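Residue numbers (the numbering used here): 74 to 343.
Note that CB positions come from ideal geometry on N, CA and C, so glycine has one too.
All figures in this text were calculated on a predicted structure; none of them were measured in a lab.
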Amino acid sequence: MGWLEGQAALVTGGTGGIGSAIVRRYVNEGARVCVMARDDEQLSALRSELGDAIITVQGDVSKYEDNQRAVAATLNAFGKLDTFVGNAAVFDYFTCLDRIAPEDFESAFQRLFAINVQGYMLGARCSTDALRASRGSMIFTLSNSAFYAGGGGILYVTAKHALVGMIRQLAYELAPDIRVNGVAPGATNTPMKSLDGLNARSVPLNQIPGFEQGAAQAVPLQRIAEPEDHTGHYVLLASSENSGLTTANIIHSDGGWEVRSPGAASHRKV
Ligand SMILES: NC(=O)c1ccc[n+]([C@@H]2O[C@H](COP(=O)([O-])OP(=O)(O)OC[C@H]3O[C@@H](n4cnc5c(N)ncnc54)[C@H](O)[C@@H]3O)[C@@H](O)[C@H]2O)c1
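The following block contains the structure:
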């Protein structure tokens, strides 16, 4: 028996690096999953791989009606929703404040926050009634950038910090019916995309030269994460049997950023 046997989940950005790993793990644990993402081809590839265990909804998380459609499709297919995973986001290619052209600033800010912050909040809004009925939970993908500077640029880091407040406020507002938690991955080997047009040098995250090595050297555990490294945390938080008294919590899955130090490895050998 898996930890999520008979459960129904909705995962946004579920075709991406971390999202698809969550979807596969949830299915392995016995859940059925509605996968919402933007790209139809990637959604259909995941359907071919996972068959009846999933349904897919093509949509944009920054739009209320698309989130509503995804929740309705979940209820229609599975009869309930136990876990909402807000995960879809875009990166900003480490772009600093003074590198954003003044004429692009308002649009860049609004587009990134519309996906990374408003998208999570709309998903929460649309899934609240169903999760109240199941006494389920919400889980949001944060980042080490929700706590520390330097893991992204000004827009991405500020947006991820905002989500710490969102998790706390939602956990407060929705208790005792719905638990609300987060997982904060560190640098992970995925092709995470940046906001269109923000930075001319932009490439997917894991194609940045030196990204993997730099990420490994930055943390005490000395390796970059693979998406699968994080998925156990999403299973634990979705399982009311195993984390029923856990809300307003954010699990760090980042190789130890909090205690990072460039000299840590060599000091240990003295
Ligand atoms: N890769 C990393 O190093 C890393 C580190 C910490 C946190 N994260 C977080 O993990 C989450 C997943 O990122 P990933 O690395 O898997 O990236 P990814 O680009 O591989 O996946 C992102 C997913 O979100 C979807 N998406 C993007 N914009 C969307 C929109 N407007 N509407 C619907 N779907 C949309 C994409 O289709 C894709 O499925 C994000 O919240 C990201 O901030 C990533």
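Closest by C-alpha distance to residue i, when choosing among the options
i, options, result
"E102", "G87, A206, Q80", "Q80"
"F164", "A232, A145, R97, R241", "A232"
"E301", "V256, G238, S135, I240", "V256"
"G283", "H303, P293, A260", "A260"
"F157", "E176, P293, D133, M109", "M109"
"G225", "W76, C199, L204, L268", "L268"
"C199", "F178, D139, A248", "D139"
"L148", "C107, G238, A291, V332", "C107"
"Y193", "A291, G238, E285, F151", "G238"
"Y245", "F151, V130, N322, F186", "N322"
"F186", "K136, E176, G152, A248", "K136"
"A45", "I173, A82, P175", "The question about residue 45 has no answer here: the residues shown for the chain are numbered 74 through 343."
"A197", "A181, L236, I173, K266", "L236"
"W76", "S316, F178, Q280, K266", "S316"
"S180", "S312, M74, R172, G270", "G270"
"N279", "L247, I91, M74", "I91"
"Q295", "Q191, R172, W330, E78", "W330"
C-beta contact flag for residue i and residue j at 8 Å
i, j, result
"I188", "A219", "no"
"N254", "T319", "yes"
"L154", "S207", "yes"
"S210", "R142", "no"
"V100", "I127", "yes"
"T201", "G159", "no"
"T88", "V134", "no"
"R333", "A288", "no"
"P264", "S326", "no"
"G328", "P293", "yes"
"L310", "I212", "yes"
"I297", "E314", "no"
"R111", "F151", "no"
Endpoints, the alpha helix (DSSP H) within which residue i is located
i, result
"A321", "Careful: A321 lies outside any alpha helix (DSSP H) and carries neither H nor E."
"L247", "227-247"
"A94", "90-101"
"S313", "313-316"
"E331", "Note, E331: premise wrong, no alpha helix (DSSP H); not H, not E."
"G287", "284-290"
"L170", "No alpha helix (DSSP H) holds L170; DSSP gives it neither H nor E."
"N220", "Correcting the residue identity first, residue 220 is Phe in this sequence and not Asn. It is not in any alpha helix (DSSP H) - F220 carries neither H nor E in the DSSP assignment."
Contact set for residue i: own chain, Cβ-Cβ below 7 Å, skip 5 residues either direction
i, result
"N272", "Y166, T168"
"V230", "S218, A222, G224"
"D113", "Q131"
Contact test: residue i Cβ vs ligand 3 heavy atom, cutoff 7 Å
i, result
"A110", "Only ligand 1 can be found as ligands here, which leaves ligand 3 out of the picture."
8 Å CB neighbourhood of residue i in its chain, flanking five on each side removed
i, result
"R98", "E301, T304, G305, Y307, V308"
"D250", "L204, R205, R208"
"L347", "One cannot answer for residue 347 here, as it falls past the ends of the chain, which runs 74 to 343."
"R274", "Y166"
Those residues which DSSP pairs with residue i across a bridge
i, result
"I212", "V158, N254"
"C199", "For C199, which the question treats as bridged, DSSP gives no partner whatsoever."
"A82", "V106, T156"
"F164", "S267"
"T261", "A298"
Cβ-based neighbour list, residue i, same chain, cut-off 6 Å, excluding 5 preceding and 5 following
i, result
"L170", "I227"
"E299", "N262"
"Q115", "T88"
Limits of the beta strand (DSSP E) - the one that residue i falls within
i, result
"Q131", "127-131"
Contact with chain B by residue i, beta-carbon distance below 8 Å
i, result
"S267", "Absent from the structure: chain B. Only one protein chain is present."
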